[in-house]
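Asks:
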Amino acid sequence: MDLTDACFAGAARQADLLRAGDLTSRDLVAECLRRIDRHDRDLNAFRLVFTDRARAEAEQADARRARGEDAPLLGVPVAVKEDLALHGLPTTGGTAGVDTPAAADVTLVRRLRDAGAIVIGRTRMPELGLWPYTESSWAGPTRNPWSREHSPGGSSGGSAAAVAAGLVGAAIGTDGAGSIRIPSACTGLFGLKPHRDHVPLDEPVWTGLVCAGPITRHVRDAALLLDVLAPGHEHTAAATTDPRRLRIAVSLRPWGPPGIPINGEVRDAVLDTAGLLVDLGHDVTRLDPELREITGSTAFAARYLHCAAISEARLDHPERLDRRTRHAAALGRALPAATVQAALDQQEPLTAHANRVFTDHDLLLTPVLTRPPLRIAEWRHRSAVPTLLAAARMTTFLHLWNVTGNPAAAVPAGHTRTGLPLAVQLVGAPHDENTVLAAAGQLERARPWADRRPPAYDTR
Numbered sequence: 087m088d089l090t091d092a093c094f095a096g097a098a099r100q101a102d103l104l105r106a107g108d109l110t111s112r113d114l115v116a117e118c119l120r121r122i123d124r125h126d127r128d129l130n131a132f133r134l135v136f137t138d139r140a141r142a143e144a145e146q147a148d149a150r151r152a153r154g155e156d157a158p159l160l161g162v163p164v165a166v167k168e169d170l171a172l173h174g175l176p177t178t179g180g181t182a183g184v185d186t187p188a189a190a191d192v193t194l195v196r197r198l199r200d201a202g203a204i205v206i207g208r209t210r211m212p213e214l215g216l217w218p219y220t221e222s223s224w225a226g227p228t229r230n231p232w233s234r235e236h237s238p239g240g241s242s243g244g245s246a247a248a249v250a251a252g253l254v255g256a257a258i259g260t261d262g263a264g265s266i267r268i269p270s271a272c273t274g275l276f277g278l279k280p281h282r283d284h285v286p287l288d289e290p291v292w293t294g295l296v297c298a299g300p301i302t303r304h305v306r307d308a309a310l311l312l313d314v315l316a317p318g319h320e321h322t323a324a325a326t327t328d329p330r331r332l333r334i335a336v337s338l339r340p341w342g343p344p345g346i347p348i349n350g351e352v353r354d355a356v357l358d359t360a361g362l363l364v365d366l367g368h369d370v371t372r373l374d375p376e377l378r379e380i381t382g383s384t385a386f387a388a389r390y391l392h393c394a395a396i397s398e399a400r401l402d403h404p405e406r407l408d409r410r411t412r413h414a415a416a417l418g419r420a421l422p423a424a425t426v427q428a429a430l431d432q433q434e435p436l437t438a439h440a441n442r443v444f445t446d447h448d449l450l451l452t453p454v455l456t457r458p459p460l461r462i463a464e465w466r467h468r469s470a471v472p473t474l475l476a477a478a479r480m481t482t483f484l485h486l487w488n489v490t491g492n493p494a495a496a497v498p499a500g501h502t503r504t505g506l507p508l509a510v511q512l513v514g515a516p517h518d519e520n521t522v523l524a525a526a527g528q529l530e531r532a533r534p535w536a537d538r539r540p541p542a543y544d545t546r
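Take the sequence shown: its letter number 428 is residue 514 in the working numbering, and every next letter is one higher.
As structure tokens, then:
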């Protein structure tokens with residue numbers, strides 16, 4: 087396997103190659119760094135690249151292996167999103183407004199390092215993680231490897247762009263309103279939001295809406311990372327074994343105001359995936375459950391804006407934010423305390439109501455987004471409220487599962503006529519990441535997606 091193929095192989099295969107002695111960490115890390123140096127000036131996936139440290143850790147990993155040591159990710163380069171604390175660096179959260187360095191790595195980063203992973207860089211996100219695209223006036227746009235004119239989504243857009251372009255084999259993102267699933271869908275990757283608290287974040291983020299999880303080329307890559315981040319759950323075994331006959335509900339009913347349109351190619355991708363699941367032996371039924379769309383989505387909007395205000399208040403220099411971000415935070419500050427509390431109080435009844443679907447079904451299949459990826463700067467001239475409303479329509483199938491906490495994944499499902507990635511969402515019952523992984527792994531084996539690479543990056 088040449089080094090370009092190794093970079094696109096994904097974290098699990100890279101770990102296999104390193105363990106077998108077919109590849110050294112020094113060569114793999116050097117190639118990732120070379121590709122970052124060549125491509126990222128335009129792609130803009132990374133905020134920081136830890137070149138010297140990554141090279142040194144690669145040498146250490148090879149020396150450990152030569153002594154007979156092993157670890158699940160020994161010598162494998164990964165990237166982490168810039169809202170995850172790294173010792174000695176400000177946790178920037180997509181802004182230019184943080185100077186205070188973190189006192190320690192967040193627990194999930196420590197677990198990656200303890201498993202032998204090499205954190206090669208920190209990936210970009212939009213300011214405060216508020217937007218479903220990754221761009222700002224001061225950092226410029228992060229581009230989609232499948233089309234430089236399009237966004238990789240957000241807020242984990244840098245993580246997804248880096249993996250899709252073969253700059254790194256896996257990355258960690260965070261998801262408070264779809265921020266792992268959106269960019270995974272936009273870039274042809276598998277992205278899993280685990281159940282709330284499945285992967286430790288050390289403290290609740292965004293009143294508990296945010297979860298951390300993997301963004302990867304293959305389902306097995308994600309399972310391997312989850313086995314490191316949340317040990318004891320046999321994620322890899324689930325991802326590599328066909329599931330039992332599953333009861334799967336298919337829904338095209340948006341969560342929000344009625345009349346939200348769904349792009350025809352998006353709809354077709356969902357129905358085609360439903361047909362494939364039938365062919366694989368599963369019981370698939372159309373079910374558009376009533377999910378308290380108006381009251382629930384209104385409460386989520388209040389909670390979302392409240393979280394924007396919380397995030398802004400923690401900055402050292404909030405004045406450095408873009409005007410649209412400051413406006414969103416101001417809307418959150420203006421909410422009466424009673425409104426915020428009422429929104430928080432909705433979580434438990436809404437969770438019970440939404441999870442009724444899993445009384446008779448193992449999984450829920452929906453779109454991820456209602457449309458293909460955004461163009462770069464498509465919403466640049468919109469103010470905060472029109473942008474928030476447009477984003478809510480585009481991501482209407484995602485927010486509910488941040489409120490309830492359920493595991494949910496973006497699974498690649500082909501491409502548009504113009505070559506942009508399409509995806510579907512698989513939602514699992516509470517704490518049932520393994521059924522999501524098993525079904526997604528089976529879909530990948532039946533309809534492989536990772537062999538197709540963005541042409542501009544499929545070269546040395």
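Glycine is no exception: its CB is placed at the ideal position from the N, C-alpha and C atoms.
What distance in whole Å lies between the Cβ atoms of R468 and L430, which are believed to be in contact at a cut-off of 8 Å?
Replies: For the purposes of this step, residue 430 is taken as residue 344 along the sequence shown, with counting starting at 1. For the purposes of this step, residue 468 is taken as residue 382 along the sequence shown, with counting starting at 1. About 28 Å; that fails the 8 Å criterion.
Asks: Roughly how far, in whole angstroms, is the beta-carbon of L332 from the beta-carbon of V356, given that I think they are within contact range, below 8 Å?
Replies: Here residue 332 refers to the residue found at position 246 when the sequence shown is read from its first residue. Here residue 356 refers to the residue found at position 270 when the sequence shown is read from its first residue. Not quite, the Cβ-Cβ distance comes to about 16 Å (not below 8 Å), so this is no contact.
Asks: At which residues does the alpha helix (DSSP H) containing F444 begin and terminate?
Replies: Along the sequence shown, one-based indexing puts residue 444 at 358. Run containing F444: 443–446, per the alpha helix (DSSP H) assignment.
Asks: Taking C-alpha atoms, which residue in A496, T504, T502, D123 lies nearest to R248?
Replies: What you label residue 248 is simply residue 162 of the sequence shown in a count that begins at 1. Reading off the sequence shown, one finds Ala at residue 248, where the question assumed Arg. The shortest C-alpha separation from A248 is found at D123.
Asks: What are the boundary residues of the alpha helix (DSSP H) that Q146 is part of?
Replies: Position 60 of the sequence shown holds residue 146. 137–152 is the extent of the alpha helix (DSSP H) around Q146.
Asks: Less than 8 Å separating the beta-carbons of P280 and I301?
Replies: Here the question's residue 280 lines up with position 194 in the sequence shown. Here the question's residue 301 lines up with position 215 in the sequence shown. Contact flag unset, no.
Asks: On the three-state DSSP scale, how would you describe P212?
Replies: Here residue 212 refers to the residue found at position 126 of the sequence shown. Note: P212 maps to coil in three-state DSSP.
Asks: At 4 residues or longer, what runs of the alpha helix (DSSP H) sit wholly inside the stretch 398–463?
Replies: Listed in chain order, the complete alpha helix (DSSP H) runs (minimum 4 residues) inside the stretch 398–463 are 409–419, 423–431, 433–440, 443–446.
Asks: Counting pairs of Cβ atoms below 8 Å between the stretch 355–372 and the stretch 183–200, do you hit three or more?
Replies: Result no; under three Cβ-Cβ pairs closer than 8 Å.
Asks: Look at A271 and P422 and say whether their C-beta atoms are less than 8 Å apart.
Replies: The count along the sequence shown starts at 1 and reaches residue 271 at position 185. The count along the sequence shown starts at 1 and reaches residue 422 at position 336. No. Outside cutoff.
Asks: Check whether the stretch 94–113 and the stretch 139–155 are in contact - that is, three or more C-beta pairs closer than 8 Å.
Replies: Short answer: they touch.
Asks: So, at 7 Å on beta carbons, what are the nonlocal neighbours of A360 in its own chain, with the 5 sequence-adjacent residues on each side left out?
Replies: Translated into positions along the sequence shown, residue 360 becomes position 274. V336, V370, L451, listed in sequence order.
Asks: Taking T384 as the reference, give the member of E530, E289, H125, Q433 with the closest Cα.
Replies: Numbered from 1 along the sequence shown, position 298 holds the residue referred to as residue 384. Nearest C-alpha to T384: Q433.
Asks: With a threshold of 7 Å on Cβ separation, who are the neighbours of T411 within its own chain once the five nearest residues in sequence on each side are excluded?
Replies: Here residue 411 refers to the residue found at position 325 when the sequence shown is read from its first residue. The answer, listed in chain order, is E213, L214, L216.
Asks: What residue does the beta strand (DSSP E) around D261 start on, and which one ends it?
Replies: Counting from one through the sequence shown, the residue named residue 261 turns up at place 175. It spans 256–261 - the beta strand (DSSP E) in which D261 sits, taken as one unbroken run.
Asks: Between G318 and L194, what straight-line distance do the alpha-carbon atoms span, to the nearest angstrom?
Replies: Here residue 318 refers to the residue found at position 232 when the sequence shown is read from its first residue. Here residue 194 refers to the residue found at position 108 when the sequence shown is read from its first residue. C-alpha separation (whole angstroms): 15 Å.
Asks: Check this for me: beta carbons of T137 and L119, under 8 Å apart or not?
Replies: Within the sequence shown, the letter at position 51 stands for residue 137. Within the sequence shown, the letter at position 33 stands for residue 119. The answer is yes: Cβ separation under 8 Å.
Asks: Write down the C-beta distance between K167 and S245 rounded to the nearest angstrom, noting that I regard them as a contact closer than 8 Å.
Replies: Position 81 of the sequence shown, counted from the start, is the residue given in the question as residue 167. Position 159 of the sequence shown, counted from the start, is the residue given in the question as residue 245. The pair is a contact, with the Cβ atoms about 5 Å apart (cut-off 8 Å).
Asks: According to the neighbour-count rule (16 or more other Cβ atoms, all chains shown, within 10 Å of its Cβ), is M87 buried or exposed?
Replies: Your numbering for residue 87 matches position 1 in the sequence shown. Label assigned to M87: exposed.
Asks: Using a Cβ-Cβ cut-off of 7 Å (strictly less than) and excluding sequence neighbours within five positions of L38, which residues of its own chain qualify?
Replies: There is no way to answer for residue 38, as the model of the chain reaches only from 87 to 546.
Asks: Could you pull out every residue in the same chain whose Cβ sits closer than 6 Å to the Cβ of G382, ignoring the five residues on either side in sequence?
Replies: On the sequence shown, position 296 is the one that residue 382 refers to. Same-chain partners within the cutoff: L436.
Asks: Using 8 Å as the Cβ pair cut-off and three pairs as the minimum, do the stretch 340–355 and the stretch 300–316 touch?
Replies: Touching, no, given that fewer than three Cβ pairs across the two stretches are closer than 8 Å.
Asks: Just list the residues that DSSP pairs C297 with in beta bridges.
Replies: By one-based count along the sequence shown, residue 297 stands at place 211. Paired residue(s): D261.
Asks: State the Cα-Cα distance for the pair L407 and I396, rounded to the nearest angstrom.
Replies: Your numbering for residue 407 matches position 321 in the sequence shown. Your numbering for residue 396 matches position 310 in the sequence shown. Between L407 and I396, the C-alpha separation is close to 14 Å.
Asks: First and last residue of the beta strand (DSSP E) that includes I268?
Replies: Against the sequence shown, residue 268 aligns to sequence position 182. Not the beta strand (DSSP E): I268 falls in the alpha helix (DSSP H), residues 267–273.
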